[in-house]
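Only one structure is covered here, and it is reproduced in the block below.
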Amino acid sequence: TPKAASELMLKVLKSAVANAENNFDMDPDKLYVSETYANPGPILKRGMPRAQGRMYRINKRTSHITIVVAEKE
Numbered sequence: 143t144p145k146a147a148s149e150l151m152l153k154v155l156k157s158a159v160a161n162a163e164n165n166f167d168m169d170p171d172k173l174y175v176s177e178t179y180a181n182p183g184p185i186l187k188r189g190m191p192r193a194q195g196r197m198y199r200i201n202k203r204t205s206h207i208t209i210v211v212a213e214k215e
């Protein structure tokens, strides 16, 4: 659901603002989100036991969330 992802997005946004403030000396009051995107991350391959000793593969997908902030002029 969108509610589950919103907490993670807020955490990434707070991290981006903190990085902009501490690493690039930007004013946090003038920051805005210039772009945001999610790329596929590594896939964790797991197995689900099936009948007669077989194993079905289960792919646990992950993603990389990127939020870019910029400073208003």
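Positions in the sequence shown are counted from 1; adding 142 to them yields this note's numbering.
Beta carbons are placed, not taken as given, at the ideal position from N, Cα and C, and that holds for glycine.
Quantities reported herein were computed from a predicted structural model and do not represent experimental measurements.
Check: Segment limits, alpha helix (DSSP H) that includes residue 215; Outcome: From DSSP, residue 215 is part of no alpha helix (DSSP H); its letter is neither H nor E.
Check: C-alpha gap between residue 199 and residue 193, whole angstroms; Outcome: 14 Å
Check: Own chain partners of residue 179 with C-beta closer than 6 Å, once the 5 adjacent residues on each side are dropped; Outcome: 208
Check: C-beta atoms of residue 172 and residue 185 nearer than 8 Å; Outcome: no
Check: Best match in 146, 182, 155 and 204 for proximity to residue 176 [C-alpha to C-alpha]; Outcome: 155
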